[in-house]
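First residue of the sequence shown: 6, per the numbering used here; consecutive thereafter. Note that beta-carbon positions come from the ideal geometry of N, C-alpha and C, so glycine has one too. Since we're looking at a predicted model, the values are computed, not measured. Scroll down for the structure; my scribbles are underneath it.
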Amino acid sequence: AADLRANVLVGKTFFDRLTPFVTARAFAGPVSWKIAGQPVTGGDEHHYAVGAGATFRASRFDLFVEALPLGERSVSLGAGAAF
């Protein structure tokens, strides 16, 4: 699927490692995708998402968690490494 999104994220870093944040997203469609090779166009029930999360940096590694319980609900977890 594809759509157009805008995101605002505001956070503050503590102890040079922990960054809690709040975020809000707005997005627009129509959303287009394919089912069994046939193009389909639809819309979203919610055109926004609001939530919070945090990143934690330890040396070269980052951990990430984000929960958006309002609007388009989702939870994201992630990890990264710098090299």
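Buried or exposed (CB count within 10 angstroms, at least 16 for buried), residue i
i, result
"LEU75", "exposed"
"LEU73", "buried"
"GLY42", "exposed"
"GLY47", "exposed"
"GLY85", "exposed"
Spatial neighbours of residue i in its chain, beta-carbon cut-off 7 Å, leaving aside the 5 residues before and after
i, result
"GLY83", "PHE69"
"LEU9", "PHE32, ALA33"
Inter-residue spacing [alpha-carbon to alpha-carbon] between residue i and residue j
i, j, result
"SER64", "ALA87", "9 Å"
"VAL45", "PHE20", "48 Å"
"ASN12", "VAL27", "11 Å"
"THR18", "ARG62", "10 Å"
Same chain, Cβ closer than 6 Å to residue i, neighbours up to 5 away in sequence not counted
i, result
"LEU23", "PHE61"
Same chain, Cβ closer than 8 Å to residue i, five either side skipped, listed in chain order
i, result
"ASP49", "ASP8, PHE32, GLY34, VAL36, GLU77"
Beta carbon proximity, residue i to chain B, threshold 7 Å
i, result
"VAL70", "Here chain B cannot be found, since the structure has a single protein chain."
When the Cβ atoms of the region 16 to 32 are set against those of the region 43 to 53, are three or more pairs found closer than 8 Å? yes
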